[in-house]
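Residue numbers (the numbering used here), protein chains in the order written: chain A, 1 to 117; chain B, 1001 to 1112.
C-beta atoms are modelled at their ideal positions from N, C-alpha and C, and glycine is treated no differently.
Quick caveat: nothing in here was measured; it's all calculated off a predicted structure.
Below you can see the structure in the form of structure tokens.
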């Protein structure tokens, strides 16, 4: 089945530094990937839609300059949290979309726990 | 996108059948109903998807009445490992390739 690898699984960084999270589709090409953020005891909140070879589309209220998304290939999307602060500490999850015949399938990564100290 | 309403939490015991109902009164003609499972500190995992009537796979069944305004995820004989959050999603994303929007989910706790 479709597999999405997300790396790192957890990261601790100092306030003011930047952190990059990678999302790879291992056995399929994903022209579109999605990035979510999840706070404790809350649901997944969609942050942005990442399209291969073009600019990401951000959801309302998400700062595009703070959460930089790059989708340079059909199997890799990256999310960079720039100048991270403690309030950015969260669980970040990516999802890759795959065309399957007349419909689509969505596979999620295992998530990245970001802690900013 | 159709709004969904699920119970916030449910408790069960090992070996019981668990039914989680999701209300989606504004479901559109093209919308599918999909359920995901999420364990702590992991990404969601697809469980089952349906459009109408009943769908069954190796892990669950999905019951959808004729008016499609609700759906019920049925987990037969749950075990401790079924403790997770279950999300009901309604939309046409699976045939249109759009974004998946998650509601609050149901936190299922299975006790021994």
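- Shown in chain order are the members of the segment 1087–1109 of chain B whose Cβ falls below 9 angstroms from a Cβ of chain A: 1087, 1093, 1094, 1095, 1096, 1097, 1098, 1099, 1100, 1101, 1102, 1103, 1104, 1105, 1107.
- Residues of the segment 1020–1043 of chain B with a Cβ closer than 7 angstroms to any Cβ of chain A, in chain order: 1041, 1042, 1043.
- For residue 34(A), the pairing in a beta bridge is given by DSSP as 49(A), 95(A).
- Contact holds between the segment 14–24 of chain A and the segment 83–95 of chain A, because three or more Cβ pairs, one in each stretch, are under 8 angstroms apart.
- When C-beta atoms of the segment 1010–1019 of chain B are compared with those of the segment 29–38 of chain A, fewer than three pairs fall below 8 angstroms, so the two segments do not count as touching.
- Taking a 10 Å sphere around the C-beta of residue 10(A), we find fewer than 16 other C-beta atoms and assign the residue as exposed.
- Between residue 1075(B) and residue 1112(B) a beta carbon distance of about 16 angstroms is seen, past the 8 angstroms cut, so the two are scored as non-contacting.
- Distances from the alpha-carbon of residue 87(A) to those of 37(A), 8(A), 5(A) put 37(A) closest.
- Look at residue 1045(B): its C-beta is under 9 angstroms from a C-beta on chain A.
- For residue 1084(B), the beta-bridge partners assigned by DSSP are 1108(B).
- Taking 9 angstroms as the threshold, the shortest C-beta distance from residue 19(A) to chain B does not fall below it.
- DSSP places residue 1036(B) in the strand class (E or B) of the three-state scheme.
- Taking the C-beta atoms as reference points, residue 115(A) is found no nearer than 9 angstroms to residue 8(A).
- The C-beta of residue 58(A) comes no closer than 9 angstroms to any C-beta of chain B.
- Below the 9 angstroms Cβ cutoff, chain B contributes 1041 as neighbours of residue 113(A), in chain order.
- Here residue 1041(B) is exposed: its Cβ has fewer than 16 other Cβ atoms, across all protein chains shown, within 10 Å.
- Short of 7 angstroms from the beta carbon of residue 1093(B), and not among the five residues preceding or following it, lie these beta carbons of its own chain, in chain order: 1099, 1100.
- In the DSSP assignment, residue 84(A) falls outside any beta strand (DSSP E), carrying neither H nor E.
- If you compare the alpha carbons of 1058(B), 1052(B), 1088(B), 1077(B) with that of residue 1007(B), the shortest gap goes to 1088(B).
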